[in-house]
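In what follows, a structure is listed as structure tokens, so that the remarks can point back to it.
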Amino acid sequence: MEPLPRIRQVSLALGAEVHGVDLSRELSADVWKAIEDAFHEHSVLVFPGQHLTVEQQKTFARHFGKLVVHEHLLPMTVEGHPECMVLHNNEQKPPGLNDWHTDNSGWPEPPLGTVLHAKVTPEIGGDTLYSNMHLAYESLSAPLRTMLLELTAVHDVAKAFGREFANLQKSLRKKGIDPDSHFSGYAPVKHPLVRTHPVTGRRALYISSPYITHIDGLSDKESRALLDLLYRHAATDEFVYRHRWTEGDLLLWDNRCTQHLAVADYFPRERLMHRMNIHGDKPYLKL
43 MEPLPRIRQV SLALGAEVHG VDLSRELSAD VWKAIEDAFH EHSVLVFPGQ
93 HLTVEQQKTF ARHFGKLVVH EHLLPMTVEG HPECMVLHNN EQKPPGLNDW
143 HTDNSGWPEP PLGTVLHAKV TPEIGGDTLY SNMHLAYESL SAPLRTMLLE
193 LTAVHDVAKA FGREFANLQK SLRKKGIDPD SHFSGYAPVK HPLVRTHPVT
243 GRRALYISSP YITHIDGLSD KESRALLDLL YRHAATDEFV YRHRWTEGDL
293 LLWDNRCTQH LAVADYFPRE RLMHRMNIHG DKPYLKL
């Protein structure tokens with residue numbers, strides 16, 4: 043019988059390391075069950091020392107669902123693998139996005155999770171921070187929690203890829219994509235500010251600053267004030283795990299109940315990652 047993985051919690055807020063598994067090999071049903079249970083308990087899983095091919099990474103990610111192919115990212119994917127985005131920064135390409143967010147919240151069905159594999163890591167810098175949105179919601183006062191249950195936010199892809207994020211726009215233009223015209227046909231979507239996790243039933247704050255334009259039903263002033271409060275609150279130190287990358291690390295995180303921030307502090311050092319998104323469902327709130 044294949045031994046079960048050893049799960050080691052890495053912070054009180056969220057995150058756990060998974061030891062004793064080789065993701066390049068076929069895993070038993072019991073091992074997969076242990077990984078799934080750990081994923082739903084800890085929201086971020088760290089698999090150290092996994093030196094995988096793109097195909098092996100895809101096999102792992104597909105266990106959790108269908109992989110997403112983003113049309114606008116195709117010029118930045120591994121040849122022959124449209125599901126695998128290459129995140130490559132160095133002296134010629136400084137790191138860009140440096141904001142708390144959850145992946146692709148501007149789509150009607152945002153990704154369930156993200157799998158990121160470290161191929162080249164800088165000796166210093168390049169950490170990724172993760173924040174627990176279950177804790178963010180649950181630690182708010184009762185009156186504020188109740189108010190948030192009635193509110194929805196508008197998420198707009200055009201905002202996330204707009205002029206506010208110049209480095210991202212520059213990267214797309216270098217690949218032959220004009221962000222203004224490419225994303226003009228994407229309609230904004232509405233998601234609840236608090237969503238129910240479809241597996242655990244636990245509620246989580248669902249915000250993503252690059253995408254959200256406003257909160258429905260509030261004035262601009264009220265919307266900005268509430269969003270600013272929630273953004274600051276979500277980044278509270280007690281909710282955060284900071285991951286220091288090592289080559290071969292593979293991380294899986296749950297976009298339904300976390301935010302993350304890739305710290306852009308390592309220029310001009312090189313950092314190379316392979317990223318895959320797992321298809322999710324439409325965020326909902328169960329009252």
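Residue numbers for the sequence shown follow the working numbering, so the first one is 43 and each next one is one higher. A virtual CB, placed ideally from N, CA and C, is assigned to each residue, including glycine.
Strand pairing of N319, partner residues [DSSP]:
T156
Pull up the DSSP beta-bridge partners for F89, would you.
L292
In or out: V120 buried (at least 16 other Cβ within 10 Å) or exposed?
exposed
With a CB to CB cut of under 7 Å and the five nearest residues on each side skipped, what residues in its chain are close to S238?
Sequence check: residue 238 is Thr here, not Ser. Taken in chain order, the residues that qualify are R245, Y326, L327, K328.
With DSSP as the reference, label V60 as helix, strand or coil.
strand
Would you mind sorting N140 into buried or exposed? The rule is 16 or more other CB atoms within 10 Å of its CB.
exposed
Please list the terminal residues of the continuous alpha helix (DSSP H) segment that includes A267.
262 to 276
Using the Cβ count rule (16 or more neighbours within 10 Å means buried), how would you classify D296?
buried
Considering only the alpha carbon of each residue, which of D79, H321, Y308 lies closest to P137?
Y308
Determine the DSSP secondary structure at A200, reduced to helix, strand or coil.
helix
Span of the beta strand (DSSP E), counted from its first residue to its last, around A306
It is not in any beta strand (DSSP E) - A306 carries neither H nor E in the DSSP assignment.
Where I254 and H143 are concerned, what is the direct C-alpha to C-alpha distance, given to the nearest angstrom?
10 Å
Tell whether a beta-carbon distance below 7 Å holds between V231 and H197.
yes
Go through its chain and collect everything with a Cβ distance to G91's Cβ below 7 Å, but skip five positions before and after it.
G290
Tell me the residue span of the beta strand (DSSP E) that contains H285.
282 to 285
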